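Everything below concerns the one structure shown next.
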Amino acid sequence: MSQVIDEPVIEESIQNHQPTVVATKGNLPVWKNWQLILFRIGFIFFIAISIPNSVAWYQQLAQLNWLKLNYRDLYDIARFGSGINFLGNTIFGSSLLGYANWITTALIAVAGAAIWTLIVKVRKLPRNEYYSAWYWLRVVVRYRAGIGIIGFGFTKLLPVQMPYPSFGILNTNFGDLTAQKLYWLSIGIVPWYQVFAGVVEVAAGTLLFFRKTTTLGSILLLGALGDIVYVNFAYDGGVHVYSSYFVLLAALLLVNDIPKVWKLLVQEKDVVPVNYYPDLSNSWIKYLRVSLKSFTIFLFLGVLFYLQLINFLYDPYKQPSVAGVKELRGNYAVTTFKLNGEVIPYNPTDSVRWQEVTFENWSTLTFRVNKPHSLDLSNGGGDPQRDVNRTFEITGLAGGQRAFHYYADEVNKVLYLEDKYKPVPDRRNRTAGVGGDGGAPVDEVAEQAAAKETAKEKKDWIPAEARKNIGDEEYKIDPKAYSARRAREFAKAPKGEIRKRFVVKYETLDGSHIILTGEDENKNSLYVELARIEKPYALSPSALQAGKY
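If you count by this note's numbering, then the sequence shown holds residues 1 to 549, one letter each, in order.
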């Protein structure tokens, strides 16, 4: 039976042709005391973790150049960690201390709820006002979750988060890969599965923008991110706290629906959900609501998709953007290796001789020696604009795999190489926290030691004439991918870097053989002859690989 009133403020969804149910503040059920206390705690807690409270976040937002956006500019708006944090921990990175942020926020929320309860007792506020507060809390949480998961999802929908493995990674011994790296590569080799995961995440976020599809979006979000939480614990993936964050938000949005779903699906009873919505029919409120919703959808579904597409095509953030020398690309066997004029014969146990060499499609030279090498435990995330700092090729690799970024003087046929591994990892994604996207924390002692590197060595290791032939890396990308973010990073000289460097001349005789001569990173005289080899990988090359080289 239908109930009619003068000022409807309730909308409902009807199942099985049930009559419309309408209610007002006057006939809404009154919450019990324990429900009110839980709501007050939850309100403070979820508002605290859903609204950015970092000064750096607002500074970055104010400094955005909206005419030269990088995909990461909008991604960082969507990806932030909030809450009340006394311990300096972040919800980004591999440490379980990221959950401490939630604990401190919850303790403050309990204290705040106690104060709120005392105020209510004194002022005798109407209990039905909590329905309005609950509605607006859900609005904040669903837009926070929707925007955040869309930013997460686009990096999979246009697969750059887990790239197809490079030649160097394909040539790496299985036992030299960490569990995290193995999982990411298992997704990277099947990019269409990664696209599917992106579709699920973007669809969940989109559904959360509309109140009538919030339940569907929350269920999708809870299932998709719940799996990611477990995967990150199982493989030590580094983003378990951040993925847990979305599970928590989705759970809040489903609190009202779980009893109804149980009644419908388990008890097989008819359900007519009744949802309270405030009266937003006032003209200026209506126009403001439509304008804000339209702007949000345009920005995070339209503009962000375009920027992510540009990133996928021309500047994938986990792969170098500068193309490598075309005549060098491929896998090579080391046929002759001389160090200080002495021939070192092939021996798989030798700790000096290069075992295998690869020139990637981009500007990276990879070789392997039988010598342990320091391990980078990040996953190559963040937002580095300089190619030497894009480290997905080396993260999660142990053993003797070495990767050097090179600057090619193709006029004089000289390569200037820098080790992609360095003792002090970059501060990635500053608005999200030190180490961003699973990056390792900065070692301040090592950073101070790095700062002692002489300015002369930094400045003169590539002569001015060679730099002129090499060109400016800043502009060696498609103009459509050039952004203010890139300009800012290249405008600043790298600070405190300790990198192994060496310089070699290259000579190609017939396109299949290369001779490298020069000095290695330890100033030893180097002579290497390489013969191109075709490796019959079991994996078929993917047609959906990021970047144009």
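Even for Gly, the Cβ is constructed at its ideal location relative to N, Cα and C.
Values in this document were obtained by computation on a predicted structure and should not be read as measured data.
query: Confirm, please, whether the CB-CB distance from LEU530 to HIS513 is below 8 Å.; result: yes
query: Quick one: is TRP284 buried, meaning 16 or more other Cβ sit within 10 Å of its Cβ, or exposed?; result: exposed
query: Measure the C-alpha to C-alpha separation of TYR164 and ARG144 and round it to an integer number of angstroms.; result: 31 Å
query: Check each candidate in ALA234, LYS371, GLY188 and name the one with the smallest Cα separation from LYS318.; result: GLY188
query: Should GLN63 be labelled buried (16 or more other beta-carbon atoms within 10 Å of its own) or exposed?; result: exposed
query: TYR135 and TYR276 - do their beta-carbons sit closer together than 8 Å?; result: yes
query: Please identify the residue among VAL231, VAL195, VAL504, GLY153 whose C-alpha is closest to the C-alpha of ALA466.; result: VAL504
query: I'd like to know whether the C-beta atoms of ARG329 and PHE359 end up nearer to each other than 8 Å.; result: yes
query: Tell me the DSSP secondary structure of SER542 in three-state form.; result: coil
query: Between the C-alpha atoms of TYR407 and GLU521, what's the straight-line distance to the nearest angstrom?; result: 15 Å
query: How would you label ASN33, buried or exposed, when you count the other beta carbons within 10 angstroms and need 16 or more for buried?; result: exposed
query: Starting from the Cα of TYR75, find the closest Cα among GLN161, GLU418, LEU248, ASN379 and give me that residue.; result: GLN161
query: Rounded to the nearest angstrom, how far is the Cβ of PHE404 from that of THR364, given a contact under 8 Å?; result: 7 Å
query: Over the uninterrupted beta strand (DSSP E) stretch that includes VAL414, give me the two end residues.; result: 414 to 419
query: For LEU69, which residues of its own chain have a beta-carbon under 7 Å away from its beta-carbon, when the five flanking residues on both sides are left out?; result: LEU307, SER483
query: Quick one: what does DSSP say PHE305 is sitting in, helix, strand or coil?; result: helix
query: By how many angstroms is the C-alpha of PRO159 removed from the C-alpha of TYR242?; result: 20 Å
query: What are the boundary residues of the beta strand (DSSP E) that includes LEU526?; result: 525 to 533
query: List, from N- to C-terminal side, the alpha helix (DSSP H) runs of 4 residues or more that fit wholly inside the segment 240 to 311.; result: 240 to 253, 257 to 261, 283 to 297
query: Need the endpoints of the beta strand (DSSP E) that ASP409 sits in, please.; result: 401 to 409
query: Between the Cα of SER132 and those of LEU28, PHE196, ALA100, spot the shortest distance and give me the residue it belongs to.; result: LEU28
query: Can you grab the Cα-Cα spacing for the pair VAL140 / GLN180, in whole Å?; result: 33 Å
query: Could you give the distance in angstroms between the alpha-carbon of TRP116 and the alpha-carbon of ILE103?; result: 20 Å
query: Count the CB pairs spanning the segment 216 to 233 and the segment 243 to 253 that are closer than 8 Å, and state whether there are at least three.; result: yes
query: THR296: which of THR155, GLY205, GLY547, TYR421 sits nearest, CA to CA?; result: GLY205
query: Between THR178 and the rest of its own chain, which residues show a CB-CB distance below 6 Å, the 5 nearest in sequence each way excluded?; result: GLY396
query: Just reading off the beta strand (DSSP E) that TYR506 is part of, what are its end residues?; result: 501 to 508
query: For the beta strand (DSSP E) holding LYS338, just list the boundary residues, first then last.; result: 330 to 339
query: At the level of alpha carbons, what is the spacing between VAL423 and LEU157?; result: The question names Val, but residue 423 in the sequence shown is Pro. So the two alpha carbons sit approximately 33 Å from each other.
query: Would you say ARG211 lies against chain D (beta-carbon separation less than 8 Å)?; result: Of the protein chains in the structure, only one exists, and it is not chain D.
query: Ignore the nearest five residues each way along the sequence and tell me which others in PHE39's own chain have a CB closer than 8 Å to its CB.; result: TRP31, TYR130, ALA133, TRP134
query: On the DSSP bridge list, what partners appear for PHE359?; result: GLY330, LEU365
query: With distances taken Cα to Cα, identify the nearest neighbour of THR366 among ASN232, TRP461, SER166.; result: SER166
query: Cutting at 6 Å between CB atoms, please list the residues of its own chain near GLY146, excluding the five before and the five after it.; result: GLY205, LEU208, PHE209
query: Ignore the nearest five residues each way along the sequence and tell me which others in GLY547's own chain have a CB closer than 6 Å to its CB.; result: PRO316, GLN319
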